[in-house]
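Undergrad: If you're matching them up, the sequences are chains A and B in order.
Residue 1 in my numbering sits at position 1 of the first sequence, with consecutive numbering throughout.
Residue 87 in my numbering sits at position 77 of the second sequence, with consecutive numbering throughout.
Don't be surprised by glycine CBs; every beta carbon is placed ideally from N, CA and C.
Just so we're clear, the structure is a prediction, and the values are computed from it rather than from any experiment.
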Amino acid sequence: VMVDIDHDEL
Amino acid sequence: MNLFRLAGDMTHLVSVVVLLLKIHTIKSCAGVSLKTQELYALVFAARYLDLFVHFVSLYNTVMKLVFLASSFTIVWYMRRHKIVRRTYDKEHDTFRHHFIVLPCLVLGLLLNEKFTFREVMWAFSIYLEAVAILPQLVLLQRTRNIDNLTAQYVFFLGAYRVLYIFNWIYRYFTEPHFVHWISWIAGIVQTLLYGDFFYYYILSWKNNVKLELPA
């Protein structure tokens, strides 16, 4: 599973 | 950014504005849990550590600053403001909030997306946010006269969590790489905690009577 580590939510 | 996310952020913003409005204009924090507010201040401090390191968008930066500033302002009002602090219902706000911080930190150390300081703090903040509403819900149960602003504050806060779930469902189908198990599971737990409140809130709204939560 690819994990988008860029937390772009608040 | 999709419409669910924007609507979620806006209801979150509205909840904070409602609470500040009550505290600043009515000079009362009756029915508001200082424990929950302190937990939120800690949540935002831990999560937005990346504020000056990791730039997402102007929108994100401004919102992060707003949530940080508002949460610490609310805590300041409740602890230090000479009129507001007297309206704080300390006797009923007894949830031992310190005891949920450590388990969340341990969980953050064990379950994170990457074992780095920022990622551990991020996971910690997600777990802590999931349970931060508990002292407020307990206080509401013990409050005889829940005023409309307090009820609306909790309602908007819960609505924000529901909208974030719709946002994740939407993102899951539109962004194939968007998978955040930690925030999803913690977010669902957090939303479920509002279930009881929502039930009685909608009931009181439908019957046009004052909100009261059974103990």
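Check Val3 of chain A in the structure and name its three-state DSSP category.
TA: Low per-residue confidence applies at Val3 of chain A: pLDDT is 45, beneath 50, and the placement is therefore not dependable, though the value from the model is reported in the following sentence. In the structure shown, Val3 of chain A sits in coil (DSSP, three-state: anything other than H, G, I, E or B).
Undergrad: What is the rounded straight-line gap between the Cα of Phe166 of chain B and the Cα of Lys124 of chain B?
TA: Going by the C-alpha atoms only, they are around 32 Å apart.
Undergrad: If you run the structure through DSSP and keep just helix, strand and coil, what is Thr160 of chain B?
TA: Helix, per DSSP.
Undergrad: Chain A beta carbons: is any one of them nearer than 8 Å to that of Phe82 of chain B?
TA: For Phe82 of chain B, the answer is no, since every Cβ of chain A falls outside 8 Å of its Cβ.
Undergrad: With a threshold of 8 Å, are at least 3 pairs of Cβ atoms found where one atom belongs to the segment 42-51 of chain B and the other to the segment 183-195 of chain B?
TA: Contact between the segment 42-51 of chain B and the segment 183-195 of chain B is absent, because fewer than three Cβ pairs lie under 8 Å.
Undergrad: Report the three-state DSSP secondary structure of Tyr210 of chain B (helix, strand or coil).
TA: Here Tyr210 of chain B sits in helix by DSSP.
Undergrad: Do Val26 of chain B and Ser80 of chain B come within 8 Å of each other at the CB atom, strictly closer than that value?
TA: Yes, Cβ-Cβ distance for Ser80 of chain B and Val26 of chain B is below 8 Å.
Undergrad: Going along the segment 62-79 of chain B in order, which residues come within less than 9 Å of chain A, judged by CB to CB distance?
TA: The residues in question are His64, Val66, Ser67, Asn70, Met73, Lys74 and Phe77.
Undergrad: Determine the DSSP secondary structure at Pro113 of chain B, reduced to helix, strand or coil.
TA: In this structure, Pro113 of chain B counts as helix in the three-state DSSP scheme.
Undergrad: Which of the three DSSP states is assigned to Gly205 of chain B in this structure?
TA: Reduced to three states, the DSSP call for Gly205 of chain B is helix.
Undergrad: Against Trp132 of chain B, what residues of chain A qualify as contacts under a CB-to-CB distance less than 9 Å, listed in chain order?
TA: Simply His7.
Undergrad: Going by beta carbon distance, what residues of the same chain come within less than 7 Å of Thr21 of chain B, once the five residues before and after it are set aside?
TA: For Thr21 of chain B, where only same-chain residues beyond five positions count, the Cβ hits under 7 Å are Phe166, Ala169, Tyr170 and Leu173.
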